[in-house]
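full-length UniProt numbering numbers the first residue of the sequence shown as 1 and each following residue consecutively.
Each residue gets a CB set at the ideal place from its N, CA and C atoms; glycine is no exception.
All values derive from a computational prediction rather than experimental measurement.
Scroll down for the structure; my scribbles are underneath it.
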Amino acid sequence: MNRVEPQRLAAVEPISTARHWLESFDTIGLATVVSAWGSAPVPVGGQLVVTPDGRFEGSVSGGCVEVDVITEAQDVIASAKPKVLEFGIANDVAWRAGLPCGGTIKVFIEPLQHSDRGLLDLILDARRSRHGVAIATNLETAERRLVDLQSAADPKLMAQISSGESGVVTLAEGETFVLVWMPSVRLVLAGATHISQVLADIASRVGYDVTVVEPRPAFATTKRFGAVTVIETWTDPSFTIDDRTAIVALSHAAHLDDEALAAALRSDCFYVGALGSKKTHAARLERLRADGFADHQLERIHAPVGLAIGAKGPAEIAVSILAEIVKVARGAN
């Protein structure tokens with residue numbers, strides 16, 4: 001299975017903020033980590049957006065060089081000319097910022113203007129529709145172009161996009177930073193249980209898009225799940241399962257869990273998990289076999305769900321489940 005890489009891709013939140021701020025300002029600054037060595041709390045593609053009056057959103061270093069970047073961004077806003085900065089972060093500075101050791105990061109700061117709103121809209125629309133998008137930016141001229149993920153003409157550009165990671169490539173026109181956005185990992189929880197409550201919360205903090213499938217109205221309340229998307233059935237027209245989806249059956253009701261697992265096994269989701277003891281799971285497998293699922297399909301189910309850390313109670317069980325999903329997503333052994 002290919003790695004899903006939940007957090008190594010560009011964060012969309014600063015772009016959303018940038019789009020909003022461009023309604024109030026003629027020019028703002030966008031800082032992007034284009035390369036990093038050593039201990040880097042923010043991966044390549046991490047971004048910070050800055051307004052002329054010094055407001056900012058996002059991060060490029062976890063606090064080590066943000067002040068310098070914000071100051072330099074003010075110059076970029078005033079001059080409308082991009083610049084590339086390289087920062088060496090000493091061990092003592094890194095330690096104060098919560099990092100184990102120092103390193104080096106290269107940050108590209110570019111101006112964003114009213115004319116860039118259309119490009120930002122394309123990025124945000126792609127996220128909402130769960131489509132990937134890549135932007136190639138010349139680091140000397142700041143000239144940007146939208147790149148087709150399937151048919152990039154330059155082999156180097158295509159190789160960078162295919163890796164699923166943002167990075168710098170050397171093209172005929174010069175050094176080019178390729179910023180790759182892919183859909184967030186979608187976590188679908190079958191059953192609005194206590195474990196689901198905790199899991200929905202911490203998964204959202206990790207950056208996952210969480211959906212709860214729950215047909216029982218008394219369970220799926222706004223008070224219990226806040227802004228998390230809750231739907232009643234697996235046939236909801238607003239809902240799709242793709243290869244960046246993880247599905248976990250947590251309902252404690254056999255028929256609801258079976259329905260969730262059947263939907264998962266018929267899809268190309270990258271993770272399928274189910275709560276329950278080994279005895280419960282054995283009975284579940286027999287029911288799924290009776291419904292026509294073959295053993296090689298049933299082997300996809302992680303059960304009992306979660307890493308074996310001796311978890312007790314909803315919170316610890318939720319942590320173990322999310323840890324296992326992250327492990328599978330990142331292709332870790």
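Query                                                                                                                                                                 : Result
What is the rounded straight-line gap between the Cα of residue 116 and the Cα of residue 202?                                                                        : 34 Å
How would you label residue 349, buried or exposed, when you count the other beta carbons within 10 angstroms and need 16 or more for buried?                         : Since the first and last residues shown for the chain are 1 and 333, residue 349 lies out of range.
Based on the DSSP secondary-structure assignment, which residues constitute the bridge partners of residue 177?                                                       : 137, 168
So, does the segment 183-200 touch the segment 243-259, judging by three or more C-beta pairs under 8 Å?                                                              : yes
Whole angstroms are fine: how far does the CA of residue 239 sit from the CA of residue 304?                                                                          : 26 Å
Touching or not, the segment 259-273 and the segment 287-301, by the rule of three or more beta carbon pairs under 8 Å?                                               : yes
So is residue 37 buried or exposed if we call it buried at 16+ other beta carbons inside 10 Å?                                                                        : exposed
Looking only at its chain, what residues have a beta carbon closer than 6 Å to the beta carbon of residue 242, apart from the 5 residues adjacent to it on each side? : none
Of the residues 288, 307, 316, which one's Cα is nearest the Cα of residue 299?                                                                                       : 288
With a threshold of 16 other CB atoms inside 10 Å of the CB of residue 211, please say whether the residue is buried or exposed.                                      : buried
Just confirm the distance between the C-beta atoms of residue 70 and residue 87, as a whole number of angstroms; I'd bet it's less than 8 Å.                          : Not quite, the Cβ-Cβ distance comes to about 13 Å (not below 8 Å), so this is no contact.
What does the Cβ neighbour count give for residue 58, buried or exposed, with the cut at 16 atoms within 10 Å?                                                        : buried
Should residue 136 and residue 170 be called a contact, given that it needs their Cβ atoms to be closer than 7 Å?                                                     : no
Output the boundary residues of the alpha helix (DSSP H) element that contains residue 123.                                                                           : 117-128
Report yes or no: do three or more beta-carbon pairs, one from the segment 19-30 and one from the segment 41-55, lie closer than 8 Å?                                 : yes
Since residue 317 and residue 271 are thought to touch, with beta carbons under 8 Å apart, how far apart are those beta carbons, to the nearest angstrom?             : Actually they do not touch by this definition, with Cβ atoms about 16 Å apart.
Apart from the five residues just before and just after residue 323, which ones in its own chain have a Cβ nearer than 6 Å to its Cβ?                                 : 307
To the nearest angstrom, report how far apart residue 97 and residue 65 are at their CA atoms.                                                                        : Reliability of the predicted coordinates at residue 97 is poor, the pLDDT of 48 falling under 50, and no value is obtained from them.
Is residue 180 closer than 7 Å to residue 134 when the C-beta atoms are compared?                                                                                     : yes
Given a cut-off of 7 Å on the beta-carbon distance, is the pair residue 120 and residue 266 in contact?                                                               : no
For residue 300, name the three-state secondary structure that DSSP assigns.                                                                                          : coil
Which runs of the beta strand (DSSP E), 3 residues or longer, sit entirely within the segment 237-302?                                                                : 245-249, 271-274
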